[in-house]
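Asks:
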Amino acid sequence: MDPITSSIEYHCTTAGILSYYRRWFWFVSPVLCLLAKVIVSCAEKLVDQGRTFDAVLALEVIEHVANPAEFSKSLSALTIPNGATILSTINRSLPKGTHQWSSFLTPEELTMILQRTSLDVKEMAGFVYNPITGRWLLSDDIGVNFI
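The numbering used here puts the first residue of the sequence shown at 39, with every later residue one more than the last.
1. According to DSSP, is I77 part of a helix, a strand, or is it coil?
2. Smallest Cα separation from L125: which of S131, K111, Q138?
3. If you run the structure through DSSP and keep just helix, strand and coil, what is D40?
4. Below 8 Å on the Cβ atoms is my contact criterion, and I expect L116 with F91 to pass it. Report the Cβ-Cβ distance as a whole number of Å.
5. Using C-beta distances below 8 Å, list every residue in its chain close to I100, excluding the 5 sequence neighbours before and after it, in chain order.
6. In whole angstroms, give me the CA-to-CA distance for A104 and S140.
7. Mind checking who A122 pairs with in its DSSP beta bridge?
8. Which of the three DSSP states is assigned to L157 in this structure?
9. Does the distance from the CB of T118 to the CB of P145 come in under 8 Å?
10. Got a sec? Which residues, its chain only, sit under 8 Å from M162 by beta carbon, not counting five neighbours each side?
11. Return the chain-ordered list of same chain residues with a C-beta closer than 6 Å to the C-beta of T171, the five sequence neighbours on each side being excluded.
12. Using 8 Å for Cβ pairs, my map puts S79 next to S114. What's the rounded Cβ distance?
13. Nearest CA to the CA of G164: which residue from R173, I151, V182, L152?
14. Determine the direct distance from the alpha carbon of N120 to that of Y167, and round the result to whole angstroms.
15. Distance, Cα to Cα, A93 vs N129?
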């Protein structure tokens, strides 16, 4: 993805999180995954169409957008009241030279951006890979990846 581009394709979905969780670390009924409706589009286009969703996912996306605050504002507009907006990204604690290091956000920076766009941060967790089981698990360690 081009970090200069303001229009990033991402998933806005009413149940797509089920598919994501199933792929990464949790068992989810296959029947529920079939019910997931995934729309791939740019945020601004969906906002202009007046679309809203029960859940909006931006997984490993925000570090690629030119303006994280504007992107977050679009996510907020796309999420129904009491809906869920879920983001994941890489912490800037990684060594310089890792991808576009200056585009990474710390958990504190992301929290501030989200709060300014009326998105409340209810919970934050890190990802930890277990090489024995070959699975990713949620963790209290937000030092590398966090959701």
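Just so it is clear, CB atoms sit at the ideal spot from N, CA and C, and this is done for glycine as well. Owing to the predicted nature of the structure, the values given are computational and were not obtained by experimental measurement.
Replies: Taking the definition as stated:
1. Residue numbering aside, residue 77 sits at position 39 when the sequence shown is read from its first letter. Annotated three-state conformation of I77 is strand, per DSSP.
2. Translated into positions along the sequence shown, residue 125 becomes position 87. Comparing Cα positions, the closest option is K111.
3. Looking up residue 40 in the sequence shown gives position 2. Residue confidence is low: D40 scores 37 on pLDDT, short of 50, so the model does not pin down where it sits. Its coordinate-derived value is still stated next. Three-state result, D40: coil.
4. Start at 1 with the first residue of the sequence shown, and residue 116 comes out as number 78. Start at 1 with the first residue of the sequence shown, and residue 91 comes out as number 53. That belief holds up - the Cβ atoms of L116 and F91 are roughly 6 Å apart, short of 8 Å.
5. As a first step, residue 100 is located in the sequence shown; it is residue number 62 there, counting from the start. Only P106, F109, S110, L125, T127, L143, L148 meet the Cβ criterion.
6. Residue numbering aside, residue 104 sits at position 66 when the sequence shown is read from its first letter. Residue numbering aside, residue 140 sits at position 102 when the sequence shown is read from its first letter. Looking at the two C-alpha atoms, the distance is approximately 11 Å.
7. Residue numbering aside, residue 122 sits at position 84 when the sequence shown is read from its first letter. Partner(s): A93.
8. Residue 157 sits at position 119 when you count from the first residue of the sequence shown. Looking at L157 - three-state DSSP - the assignment turns out to be coil, as it is neither helix nor strand.
9. The sequence position of residue 118 within the sequence shown is 80, counting from 1. The sequence position of residue 145 within the sequence shown is 107, counting from 1. Here residue 118 turns out to be Ile, not Thr, going by the sequence shown. In this structure, P145 does not lie closer than 8 Å to I118 by Cβ.
10. Numbered from its first residue, the sequence shown carries residue 162 at position 124. Closer than 8 Å at Cβ, skipping near neighbours: P145, T149, I180, F184, I185.
11. Along the sequence shown, one-based indexing puts residue 171 at 133. Shown here for T171: not one same chain residue has a beta carbon closer than 6 Å to its own, the five before and five after excluded.
12. Start at 1 with the first residue of the sequence shown, and residue 79 comes out as number 41. Start at 1 with the first residue of the sequence shown, and residue 114 comes out as number 76. Rounded, the Cβ-Cβ distance is 16 Å, inconsistent with contact.
13. Start at 1 with the first residue of the sequence shown, and residue 164 comes out as number 126. Per the Cα distances, V182.
14. Position 129 of the sequence shown, counted from the start, is the residue given in the question as residue 167. Position 82 of the sequence shown, counted from the start, is the residue given in the question as residue 120. Between Y167 and N120, the C-alpha separation is close to 31 Å.
15. One-based indexing of the sequence shown puts residue 93 at position 55. One-based indexing of the sequence shown puts residue 129 at position 91. Approximately 23 Å between the Cα atoms of the pair.
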